[in-house]
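Below is one structure; the comments refer to it alone.
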């Protein structure tokens, strides 16, 4: 009899919703699967992610795999460290929307916010782009789940927050966005909206199971974006953005590096057919333009 695959996830509504989609997809593919909740260091702290450290949400979930407490792990791909983990087999399923979203009081868009409006976000990449577009805004640190972040707008504590539209969509709150930015106008994090699904590399049953969920389009685009990040040797909290599109076999990636004060930004583009080569070429262009000073 086939054993039930235990799918490890954080306990937040977004995390369990994301992992629930993977569990349901595995069940639809003929496998028995259930969720296993793992508490991470990031869940225990309200400090900004860039202070807690890269991988804070993923280390405990991976450890549950290695300890045999789970068979499959589900991560937001953008939260994973870029270093290759040889002990796991990783796949990327269908990707959700990669764009950034504004949730503002009174249905306002970014351009309509009054001078000095209080906007919540802790991501350096978002702070840099907000300051470049609206240097007059008063930017506040923001942690917590999607509902609590948006609640700070509802309560009047903040005038707006910036969130990943993917997360809002996954938990059924996409309609709360007052503006959804085109990727070229407000650049998303590398692999934003993509999930990484992992199992132990030697677990043949789990490898075969998660391989049924692979999406080639999402895989090639998200990997290209991650190669930009990895080549820049920047973590998931660095002011780095990347967004790739696929046209036939041709991948085009647009990468950006930003000064935190909004005073400068470097954006470069590269195309080709191999995700690693395209991502590295884009990153090299950014280095050649002086990206190191912002990292």
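Residue numbers (the UniProt record's numbering): 1 to 295.
A virtual CB, placed ideally from N, CA and C, is assigned to each residue, including glycine.
Residue i: buried (16+ other C-beta within 10 angstroms of its C-beta) or exposed?
i, result
"residue 141", "exposed"
"residue 129", "buried"
"residue 35", "buried"
"residue 22", "buried"
"residue 114", "exposed"
"residue 261", "exposed"
"residue 15", "buried"
"residue 109", "exposed"
"residue 250", "exposed"
"residue 135", "exposed"
"residue 280", "buried"
"residue 94", "exposed"
"residue 256", "buried"
"residue 121", "buried"
"residue 111", "exposed"
"residue 289", "exposed"
"residue 4", "exposed"
"residue 27", "exposed"
Let me check understanding here. Comparing Cα to Cα, which of the options lies closest to residue i?
i, options, result
"residue 176", "252, 103 and 38", "103"
"residue 197", "65, 32, 282 and 39", "65"
"residue 156", "294, 169 and 119", "119"
"residue 222", "192, 281 and 109", "192"
"residue 98", "131, 190 and 238", "190"
"residue 229", "276, 201 and 109", "276"
"residue 242", "283, 213, 67 and 215", "283"
"residue 267", "107, 18 and 287", "287"
"residue 214", "3, 25, 17 and 15", "25"
"residue 10", "70, 27, 30 and 250", "70"
"residue 67", "203, 293, 294 and 20", "203"
"residue 82", "234, 248 and 239", "234"
"residue 186", "28, 133, 106 and 294", "133"
"residue 166", "27, 78 and 28", "78"
"residue 272", "254, 265 and 58", "254"
"residue 7", "32, 13 and 95", "32"
"residue 148", "244, 160 and 258", "160"
"residue 173", "183, 184, 150 and 158", "150"
"residue 299", "183, 188, 5 and 17", "The chain is shown only over 1 to 295; residue 299 falls outside these bounds and no answer can be derived."
"residue 107", "138, 178 and 170", "178"
"residue 220", "252, 257, 85 and 38", "252"
"residue 248", "274, 5, 237 and 263", "274"
"residue 12", "5, 39 and 3", "39"
"residue 19", "4, 37 and 278", "37"
"residue 183", "111, 244, 211 and 116", "244"
"residue 84", "265, 285, 231 and 278", "231"
Are residue i and residue j close, meaning C-beta to C-beta below 9 Å?
i, j, result
"residue 89", "residue 206", "yes"
"residue 92", "residue 194", "yes"
"residue 227", "residue 246", "no"
"residue 201", "residue 87", "yes"
"residue 101", "residue 162", "yes"
"residue 29", "residue 209", "yes"
"residue 146", "residue 168", "yes"
"residue 170", "residue 96", "yes"
"residue 164", "residue 137", "no"
Looking at the secondary structure, which residues open and close the beta strand (DSSP E) in which residue i lies?
i, result
"residue 37", "33-37"
"residue 196", "195-200"
"residue 74", "72-76"
"residue 69", "It is not in any beta strand (DSSP E) - residue 69 carries neither H nor E in the DSSP assignment."
"residue 140", "138-140"
"residue 192", "Neither: residue 192 is in no beta strand (DSSP E) and is coded neither H nor E."
"residue 272", "265-272"
"residue 294", "Careful: residue 294 lies outside any beta strand (DSSP E) and carries neither H nor E."
Could you spell out where the alpha helix (DSSP H) holding residue i opens and where it closes?
i, result
"residue 211", "204-211"
"residue 247", "Unbroken run through residue 247 is the beta strand (DSSP E), 240-247; no alpha helix (DSSP H)."
For residue i, verify whether its CB is less than 8 Å away from any heavy atom of the ligand NAP.
i, result
"residue 219", "In terms of ligand content, the structure shown is empty, and the ligand NAP therefore cannot be addressed."
Can you tell me the Cβ-Cβ gap for residue i and residue j, rounded? I've got them flagged as a contact below 8 Å.
i, j, result
"residue 294", "residue 239", "6 Å"
"residue 58", "residue 75", "5 Å"
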